[in-house]
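*Asks:* Numbering (my numbering), first residue to last: 8 to 861. Glycine residues also receive a C-beta, built at the ideal position from the N, C-alpha and C atoms.
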RNA sequence: GGGCGCGUAGCUCAGUGGGAGAGCGCUCGCUUCACACGCGAGAGGUCGCUGGUUCGAAACCAGCCGUGCCCACCA
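1. How big is the Cα-Cα spacing for residue 211 and residue 579?
2. Taking only runs of the alpha helix (DSSP H) that begin and end inside the segment 205 to 271, which ones reach a length of at least 4 residues, in chain order?
3. Pull the bridge partners of residue 98 from the DSSP assignment, please.
4. For residue 760, which residues in the same chain have their Cβ closer than 6 Å to its Cβ, ignoring the five residues on either side in sequence?
5. Report the rounded CA-to-CA distance for residue 654 versus residue 577, giving the unit in angstroms.
6. Which residue from 849, 100, 750 puts its Cα closest to that of residue 809?
7. When DSSP labels each residue in this structure, what does residue 480 get in the three-state scheme?
8. For residue 80 and residue 693, I'd like the C-alpha separation in whole angstroms.
9. Whole angstroms are fine: how far does the CA of residue 98 sit from the CA of residue 325?
10. Can you tell which of 354, 811, 594, 570 has the C-alpha that lies nearest to the C-alpha of residue 584?
11. What residue range does the beta strand (DSSP E) around residue 174 cover?
12. For residue 183, tell me which candidate among 10, 115, 673, 414 has the shortest Cα-Cα distance.
13. Could you work out which residue in 816, 690, 669 is closest to residue 649 when comparing CA atoms only?
14. Pull up the distance between the alpha-carbon of residue 596 and that of residue 773, whole angstroms please.
15. Decide yes or no for the touch test of the segment 342 to 358 against the segment 379 to 392: beta carbon pairs closer than 8 Å, at least 3 of them.
16. Out of 677, 587, 539, 552, which has the shortest C-alpha to C-alpha gap to residue 604?
17. Residues in its own chain within less than 7 Å of residue 511 by CB, not counting five upstream and five downstream?
18. Determine the DSSP secondary structure at residue 727, reduced to helix, strand or coil.
19. In the structure shown, what three-state DSSP assignment does residue 194 receive?
20. Is the beta carbon of residue 149 less than 7 Å from the beta carbon of residue 561?
21. Would the segment 629 to 648 and the segment 739 to 758 be scored as touching if the rule is three or more Cβ pairs under 8 Å?
22. Could you spell out the range, first to last residue, of the alpha helix (DSSP H) harbouring residue 595?
23. Pick helix, strand or coil for residue 658, following the three-state DSSP scheme.
24. State the beta-bridge partners of residue 427 as determined by DSSP.
25. Look up residue 187 in the DSSP assignment and give the residues it is bridged to.
26. Bridge partners of residue 878, per DSSP?
27. Answer with buried or exposed for residue 823, where buried requires no fewer than 16 other C-beta atoms within 10 angstroms of its C-beta.
28. Kindly list the residues whose CB is nearer than 6 Å to the CB of residue 559, restricted to its own chain and excluding five residues on each side of it in sequence; keep chain order.
29. Please tell me whether residue 495 and residue 54 are closer than 7 Å, where the distance is taken between their beta carbons.
30. What distance in whole Å lies between the Cβ atoms of residue 606 and residue 674, which are believed to be in contact at a cut-off of 8 Å?
31. Do residue 195 and residue 360 have their CB atoms nearer than 7 Å?
32. So the candidates are 301, 417, 431; which of them puts its Cα closest to the Cα of residue 463?
33. Taking the Cβ atom as the reference point for each residue, do residue 491 and residue 52 lie within a distance shorter than 7 Å?
34. Here's the rule: buried if 16 or more other CB atoms are within 10 angstroms of the residue's CB, otherwise exposed. What is residue 339?
35. Nearest-angstrom Cα distance between residue 188 and residue 291?
36. Rounded to a whole number of angstroms, what is the C-alpha to C-alpha distance between residue 781 and residue 755?
And the structure:
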């Protein structure tokens with residue numbers, strides 16, 4: 008260490024992350040450590056594809072947690088010498104991004120329609136170029152060791168190529184098709200959305216009972232509905248085929264009130280005879296169930312609600328009303344005519360758009376769909392056979408259940424921003440559409456020579472996201488990256504995108520590159536707000552990771568998030584982040600003590616002394632446990648084990664024990680401490696990269712950045728159970744002595760005279776407990792384990808006596824407990840021998856101590 | 001309607017059959033020459049309730065109460 012560095016360490020008594028993080032990150036980038044060559048095989052290499060954040064996004068706690076987990080494993084594997092790639096990029100996020108730019112336009116008093124599609128898309132690209140890299144910069148603040156030179160975007164040129172190839176291939180196989188079908192229509196975005204973008208909410212509506220007269224009879228059929236406004240599009244009334252009440256009416260007709268249309272009375276098993284009157288109005292144009300019943304019975308499909316959520320020309324006098332207005336108007340009209348038999352409050356689940364928050368309007372429209380059964384089959388097998396391992400285990404079943412019931416995926420969206428569907432139609436004739444990977448040139452119809460026009464819709468954003476692990480590596484081209492890094496090693500993710508994204512990547516990975524996209528999927532917990540509510544921008548409950556980094560440092564946030572993570576959801580804990588910053592500071596100060604005082608020796612484990620063997624054994628066990636837990640995605644216990652070692656074994660005990668040796672510049676302890684420090688810094692680097700890298704820069708053995716320094720492998724030749732046991736006993740004795748003197752109220756600095764029976768403990772026991780075992784003093788006045796405390800001025804006789812009485816009570820209670828247990832015949836007969844022996848040993852010790860106390 | 005979780009110290013959470021743990025908070029004592037973002041010590045839990053299995057249950061089983069999430073086309 009040169010003089011300047013030494014002075015720096017001497018002068019700063021606290022770790023200041025703010026001054027260090029940017030500089031250290033720049034050094035990593037300059038070193039090019041995050042940008043691997045595309046060499047080697049996927050089996051040798053280690054690679055991860057980051058879940059691509061939305062370009063519109065800013066870093067939130069979910070990203071920070073997920074990033075901390077990924078970076079821990081990525082860094083550990085890079086340090087282990089594997090060729091490691093962590094690829095990052097952003098998602099074009101169709102609806103979200105389009106909405107942001109539209110909002111900007113509105114502020115300027117313009118609309119996208121005024122601009123026209125081409126200019127609008129241009130405008131979105133401009134927005135993306137200007138703001139789209141914010142979140143990438145924010146990942147750097149976190150310390151994420153991504154390959155920032157291989158950044159991708161789900162709408163870049165190479166990605167478009169991949170999407171078109173996949174679309175055409177699935178179309179050619181017959182999986183992708185176009186159909187007039189009922190979809191979840193979102194009047195807010197005026198687009199179809201997929202089942203997964205719908206969320207059901209509990210809503211209290213009115214349940215109306217309406218009389219439908221039966222033609223040529225004085226009977227009426229009373230139907231129950233929460234949506235009387237859709238009756239204008241009714242095309243039948245259905246009853247259950249087993250329902251004897253209505254058996255004679257099947258085949259006859261009901262007359263639709265207000266409209267007068269004749270509705271066939273049909274029988275369908277879907278109808279529940281127990282619900283309401285057992286008669287169901289059928290509206291194939293506006294209800295998912297009715298749509299299917301309609302198709303089964305060949306009913307007409309009438310549409311009275313338009314894409315804007317208002318009634319259309321088919322609604323006659325009600326045209327132009329919103330559905331809510333129409334409902335009130337129609338209910339009033341029925342009431343006037345005496346056909347509204349009943350109206351009751353009714354609570355049920357109603358679909359809403361996850362995107363716009365508006366109520367979904369089921370509509371029949373012409374959309375592109377992808378059949379999923381064939382794609383799902385091998386993706387089910389891959390997970391069922393643990394080729395892709397989902398952890399925690401419970402999510403495997405959730406995945407399998409969903410996949411087994413998978414339904415066609417509506418992949419078209421009525422937006423402008425996204426992958427425009429690569430299908431071209433002739434405007435002049437009925438020729439089959441052209442589906443192609445690149446735009447037809449010339450854009451002429453082969454049949455009639457007319458102009459070909461591309462489908463106006465774009466693909467669901469998740470269609471492109473599904474290709475992420477391989478499209479980012481250059482697929483469909485046979486690139487060095489693809490050969491070196493696909494399949495990737497693992498994926499960590501929030502459970503909310505298990506179906507939306509993870510399942511689809513597995514399907515597409517198997518179908519296209521022909522291999523599962525990752526071996527392990529780790530589903531992490533959700534970090535909730537401090538009060539247990541969901542963290543959300545709209546609720547104002549979000550906590551900004553960047554503010555936390557500013558305040559306490561990236562290492563502190565990373566440690567805190569990993570420590571609070573769990574298999575169950577947890578509330579954000581400031582205390583855990585503080586624990587992280589405390590640990591960073593502790594490491595810093597322990598390093599100062601070691602580096603400023605150690606003799607100039609090469610780091611090496613020296614085992615001549617008991618306490619050194621103890622420390623080394625504890626160190627290697629910690630390395631073993633922390634590594635094993637990181638590999639098992641058990642981040643929380645991994646970092647807390649590391650914390651316990653640094654705070655407890657290393658700082659509270661070992662450093663205090665060896666201070667005299669260290670100040671003397673003794674070589675064994677210097678070599679051992681330098682060795683331990685090197686290994687601790689490396690061990691913690693994957694989770695706390697900044698502080699460890701900074702401290703490593705002061706270490707005499709430094710030969711380059713810690714980011715590419717070997718990760719420690721536990722050296723089991725240094726495991727020493729005897730030393731661990733012996734020192735553990737001495738530590739326990741030290742603690743009993745400290746406790747005793749505290750409870751007896753001895754002045755903190757007083758050194759108490761004592762003698763010790765039957766053992767010669769290490770020097771530190773007396774020093775750290777402030778006892779002098781030289782036998783100089785008066786008669787023994789108390790016993791603490793093997794120690795006889797001698798009378799002295801520092802002792803208060805009454806307090807000593809009180810403590811003695813308290814201890815007798817404790818021992819008596821313990822003896823009673825042990826005797827009761829050993830007196831239980833069942834226990835002695837059936838419990839394992841070792842357990843019984845242990846209990847006998849305790850009893851003997853307690854009795855001996857009590858006898859000693861008198 | 002199905003499925004999956006959770007209920008342990010004042011708070012946030014660990015702990016899957018052998019005497020209840022951590023961090024924070026609290027109390028007491030320390031300006032001990034790495035760190036007051038520190039050091040030492042302490043107080044504080046009928047482990048939601050009721051039954052069961054077991055020599056032994058916070059843990060396993062059943063029921064109940066409370067709470068959260070996911071899936072679902074009974075109007």
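*Replies:* Let me lay it out:
1. Translated into positions along the first chain, residue 211 becomes position 204. Translated into positions along the first chain, residue 579 becomes position 572. In a straight line, the C-alpha of residue 211 is about 34 Å away from that of residue 579.
2. none
3. The residue given as residue 98 occupies position 91 in the first chain. In the DSSP output, where bridge partners are listed per residue, residue 98 has 61.
4. If you number the first chain from 1, residue 760 lands on position 753. Excluding sequence neighbours, residue 760 sits near 779, 783, 784, 797, 799.
5. As a working mapping, residue 654 is identified with position 647 in the first chain. As a working mapping, residue 577 is identified with position 570 in the first chain. So the alpha carbons of these two residues sit roughly 25 Å apart.
6. Locating residue 809 in the first chain gives position 802, counting from the first residue. Selected option, being the one with the closest Cα: 750.
7. Counted from its first residue, the first chain places residue 480 at position 473. It is coil, neither helix nor strand.
8. Reading the first chain from its first residue, position 73 is the one you call residue 80. Reading the first chain from its first residue, position 686 is the one you call residue 693. Using only the alpha carbons, I get a separation of about 7 Å.
9. For this step, residue 325 is matched to residue 318 along the first chain. For this step, residue 98 is matched to residue 91 along the first chain. Going from the Cα of residue 325 to the Cα of residue 98 covers about 43 Å.
10. Here residue 584 refers to the residue found at position 577 when the first chain is read from its first residue. Nearest C-alpha to residue 584: 570.
11. Here residue 174 refers to the residue found at position 167 of the first chain. Careful: residue 174 lies outside any beta strand (DSSP E), inside the alpha helix (DSSP H) at 164 to 179.
12. In the first chain, counting from the first residue as 1, residue 183 sits at position 176. Among 10, 115, 673, 414, the Cα nearest to that of residue 183 belongs to 414.
13. Within the first chain, residue 649 is the residue found at index 642, counting from 1. Taking only the C-alpha atoms, the option nearest residue 649 is 690.
14. As a position in the first chain, residue 596 is number 589, starting the count at 1. As a position in the first chain, residue 773 is number 766, starting the count at 1. C-alpha separation (whole angstroms): 25 Å.
15. no
16. Residue mapping note: residue 604 aligns to position 597 of the first chain, counting from 1. When only C-alpha atoms are compared, the closest one is 677.
17. In the first chain, the residue the question calls residue 511 occupies position 504. Correct list, in chain order: 469, 473.
18. What you label residue 727 is simply residue 720 of the first chain in a count that begins at 1. Here residue 727 sits in coil by DSSP.
19. Counting from 1 along the first chain, the entry for residue 194 is found at position 187. Of the three classes helix, strand and coil, the one that applies to residue 194 here is coil, per DSSP.
20. Locating residue 149 in the first chain gives position 142, where the first residue counts as 1. Locating residue 561 in the first chain gives position 554, where the first residue counts as 1. Yes, they are a contact pair.
21. no
22. As a first step, residue 595 is located in the first chain; it is residue number 588 there, counting from the start. Counting along the chain, the alpha helix (DSSP H) containing residue 595 begins and ends at 581 to 604.
23. As a position in the first chain, residue 658 is number 651, starting the count at 1. The answer is helix: DSSP assigns residue 658 an H, G or I state.
24. Position 420 of the first chain, counted from the start, is the residue given in the question as residue 427. Looking at the DSSP assignment, residue 427 forms a beta bridge with 465.
25. As a position in the first chain, residue 187 is number 180, starting the count at 1. For residue 187, which the question treats as bridged, DSSP gives the partners 373.
26. A question about residue 878 goes unanswered here, because the residues of the chain that appear run from 8 up to 861.
27. Counting from 1 along the first chain, the entry for residue 823 is found at position 816. Residue 823 is exposed by the Cβ-count criterion.
28. Counted from its first residue, the first chain places residue 559 at position 552. The answer, listed in chain order, is 584, 588.
29. As a first step, residue 495 must be located in the first chain, where it is residue number 488. As a first step, residue 54 must be located in the first chain, where it is residue number 47. In contact: residue 495 and residue 54 (Cβ atoms closer than 7 Å).
30. For the purposes of this step, residue 674 is taken as the residue at position 667 of the first chain. For the purposes of this step, residue 606 is taken as the residue at position 599 of the first chain. Contact holds; Cβ gap of about 5 Å.
31. Numbered from 1 along the first chain, position 188 holds the residue referred to as residue 195. Numbered from 1 along the first chain, position 353 holds the residue referred to as residue 360. Yes.
32. As a first step, residue 463 must be located in the first chain, where it is residue number 456. That would be 431, whose Cα lies nearest to the Cα of residue 463.
33. In the first chain, the residue the question calls residue 491 occupies position 484. In the first chain, the residue the question calls residue 52 occupies position 45. Yes; because the gap between Cβ atoms is below 7 Å, this pair is in contact.
34. Taking the first residue of the first chain as 1, we reach residue 339 at position 332. Residue 339 is exposed by the Cβ-count criterion.
35. Translated into the one-based positions of the first chain, residue 188 becomes position 181. Translated into the one-based positions of the first chain, residue 291 becomes position 284. Their backbone Cα atoms lie some 10 Å apart in a straight line.
36. Here residue 781 corresponds to residue number 774 of the first chain, with the count starting at 1. Here residue 755 corresponds to residue number 748 of the first chain, with the count starting at 1. If you take the alpha carbons of residue 781 and residue 755, they lie about 20 Å apart.
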